[in-house]
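A.B. asks: Sequential numbering of the sequence shown, starting at 371, is according to the working numbering.
Where a beta carbon is used, it is the ideal one built from N, C-alpha and C, also for glycine.
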Amino acid sequence: MDHDLIVIGAGPGGYIAAIRAAQLGLSVACIDDWSRDDGGPAPGGTCTNVGCIPSKAMLQSSEHYEHVAHGMAEHGIEVGSVKLDLARMLARKQQVVRQNNDGILYLFKKNKVKFLHGRAAFAAQVDGGFEIEVSGAEQARLRARHVIVATGSRPRALPGVEFDEKRVLSNTGALALQKVPERMGIIGAGVIGLEMGSVWRRLGAKVTVLEALPEFLGAADAQVAKEAMKQFTRQGLDIQLGVKIAEVKPAAKNGPVKLRYADAKGAEQTLEVDALMVSIGRLPHTEGLQLDKVGVKTDERGFVVVDGDCRTEVPGIWAVGDVVRGPMLAHKAEEEGVAVAERLAGQKPHVDFNTVPWVIYTSPEIAWVGQTEQALKAAGRAYKAGSFPFMANGRARALGDTTGFVKMLADASTDEILGVHVIGPLASELIAEAAVAMEFKASAEDIARICHAHPTLSEAMKEAALATDSRALNF
Ligand code: FAD
Ligand code: NAI
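1) Between which two residues does the beta strand (DSSP E) containing C400 stretch?
2) What's the call for R572, buried or exposed, on a 16-neighbour Cβ count within 10 Å?
3) If we count Cβ pairs, one from each stretch, closer than 8 Å, do we get three or more for the segment 767–786 versus the segment 732–751?
4) Is C417 buried or exposed, if buried means 16 or more other CB atoms sit within 10 Å of its CB?
5) The alpha helix (DSSP H) that contains V648, what's its start and end?
6) Taking the alpha-carbon positions, what's the K663 to D497 distance?
7) Going by the CB atoms, is the gap between A520 and G379 shorter than 8 Å?
8) At what residues does the beta strand (DSSP E) containing A752 begin and finish?
9) Return the Cβ separation of F500 and R489 in integer angstroms, given the expectation that the two are a contact with Cβ distance under 8 Å.
10) Report the three-state DSSP secondary structure of L659 (helix, strand or coil).
11) Under a three-way DSSP split, which group does R524 fall into?
12) Alpha carbon to alpha carbon, how far is A388 from L477? Give it in angstroms, no decimals.
13) With a threshold of 16 other CB atoms inside 10 Å of the CB of K718, please say whether the residue is buried or exposed.
14) Is L836 helix, strand or coil when you go by DSSP?
15) Should A766 and F758 be called a contact, given that it needs their Cβ atoms to be closer than 8 Å?
16) Alpha carbon to alpha carbon, how far is N481 from M428? Give it in angstroms, no decimals.
17) Hey, is the segment 436–455 in contact with the segment 623–635, meaning 3+ C-beta pairs nearer than 8 Å?
18) Using only the heavy atoms of the ligand NAI, determine whether one of them is closer than 7 Å to the beta carbon of S432.
19) Please check the pair A737 and V792, which I expect to be a contact at CB under 8 Å, by giving their CB distance rounded to whole angstroms.
20) May I have a chain-ordered list of the beta strand (DSSP E) segments no shorter than 3 residues that lie completely inside the segment 474–535?
21) Taking only heavy atoms of the ligand FAD into account, decide whether any of them is closer than 7 Å to the Cβ of C680.
22) Which residues share a DSSP beta bridge with A737?
23) Assess contact between the segment 628–647 and the segment 610–618, defined as three or more Cβ pairs (one per stretch) separated by less than 8 Å. Is contact present?
24) Helix, strand or coil: how does DSSP classify S540 here?
25) In chain order, which continuous runs of the beta strand (DSSP E) of length 3 or greater are located wholly inside the segment 381–468?
26) Any heavy atom of the ligand FAD inside 7 Å of the beta-carbon of Y435?
27) Give the single residue among E705, G794, A752 and A749 whose Cα lies nearest to the Cα of G770.
28) In or out: H487 buried (at least 16 other Cβ within 10 Å) or exposed?
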């Protein structure tokens, strides 16, 4: 065998698995086909190239733009006219992406992972392992005892409406628009729709979001979703729920995209937009892998079938990240990648989906870990809830960002924390404390008794814990 392990895909699931396996002494090759504009390798997958990293770069830049234009006066800072240099903003985003691509190539070298830039496919099952064929930029045939499939996901299109990435956009096109569209349509009020909708609204687009479900952000705690809807609407996002798309007519050259849809009451509506983003979920990416050559099964939705430990039904072949069941999140993919590498080295790791945090990087940010109040109710679990508004937090007032609250849910009798939900400033960072607490099976009382620095936003977490016992001190 050439290697102990071949990892197919260098997204967060794959590259992290490759590095961890190499740290544990395995001989590892990692193959990825993503290319940068000049044809060179761009490891990091969806996350680095057209996902987490560039979207957060654009969210940051657009938030600065909005703040400078509208949020400085209350601090006593007068700003003259503010001008957008979109080309420069996009160039910065691309530079951030490039730094991450280069960082991964460096990490491969440092950990002695052999990286191949090309497309991988299963060629055959051979004695004691598998043969993988690499085509494209680099060509090779490699053998290994184990293979991890970490090929990620791709955007789901509306039936009959192809992405041209100029007028009908997936996340890829929506991160690279060269001009702010006057009118932007978004189909799907999920995570991508809300984050990218926020970016282009801040930069000046009139954004309409069309969502099929009658409920907004159904995965979030209902109270958080309600507050989010209020804030996004106030900011100018036109979010329409319960719609049924009837027709999308992509633009003739440079013309608008025309949509027909039924609104929540069933009345027919039309909409014309200069750019339409379709963000209705993502599909597992297994094309061209030739899984059938080795007998790896996919389910009816195309996900590679694995057990709780990421084993496929073929001993020696594993799969992690977006290509398998579970939340499509970079940190979930990473945890699975690490766990498989450690299992190969004889360790016994475990990934608990209940403590995987969710973050939506809008303004206000939304983050949660564990169960929602509606899920606890549906399960008939006896719980107590405590909330604390950022309005009553000194640091939030000093920041000038008092939107939202922290809400903690704890078991009624044992006081174990069952879920924490944050909407407000730096929710993405605050949620880490809740994830740690839940991993340690902490009680609300534990958080309530821990000394939190003053003045910090984290005091809102402590106060929410106190509030589960009706003893918040500052509200
Ligand atoms: P991917 O990152 O998709 O990587 C798979 C890699 O495998 C790709 O490079 C692909 O080209 C390569 N590949 C596929 N087939 C082959 C083959 N046959 N041969 C060689 N290479 C192959 N998640 C978060 O946690 N936080 C966020 O803020 C966040 N923001 C996002 C924003 C957007 C706009 C999008 C689209 C996604 C976002 N996500 C976010 C989700 C996150 O990007 C994914 O969950 C994550 O990238 C999954 O990692 P992965 O390793 O499974 O797959
Ligand atoms: P999503 O699942 O978050 O949202 C898709 C939305 O589209 C849903 O609300 C769904 O009801 C709606 N929808 C589906 N079909 C529709 C139709 N025909 N008409 C109108 N609405 C329709 O998926 P999204 O936003 O595409 O993102 C994919 C995944 O990427 C997310 O689930 C998430 O896992 C990941 N992601 C994570 C981010 C983060 O962690 N901050 C940021 C962006 C993406």
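C.D. replies: Taking the structure as given:
1) V398 to D402
2) buried
3) yes
4) buried
5) It is not in any alpha helix (DSSP H) - V648 instead sits in the beta strand (DSSP E) that spans A645 to V648.
6) 15 Å
7) yes
8) Note, A752: premise wrong, no beta strand (DSSP E); not H, not E.
9) In fact, because the Cβ distance is near 16 Å, the residues do not count as touching under 8 Å.
10) coil
11) strand
12) 10 Å
13) exposed
14) helix
15) no
16) 31 Å
17) no
18) no
19) 5 Å
20) 484–487, 489–496, 499–505, 510–519 and 523–525
21) no
22) V729 and V792
23) yes
24) coil
25) 398–402
26) no
27) G794
28) buried
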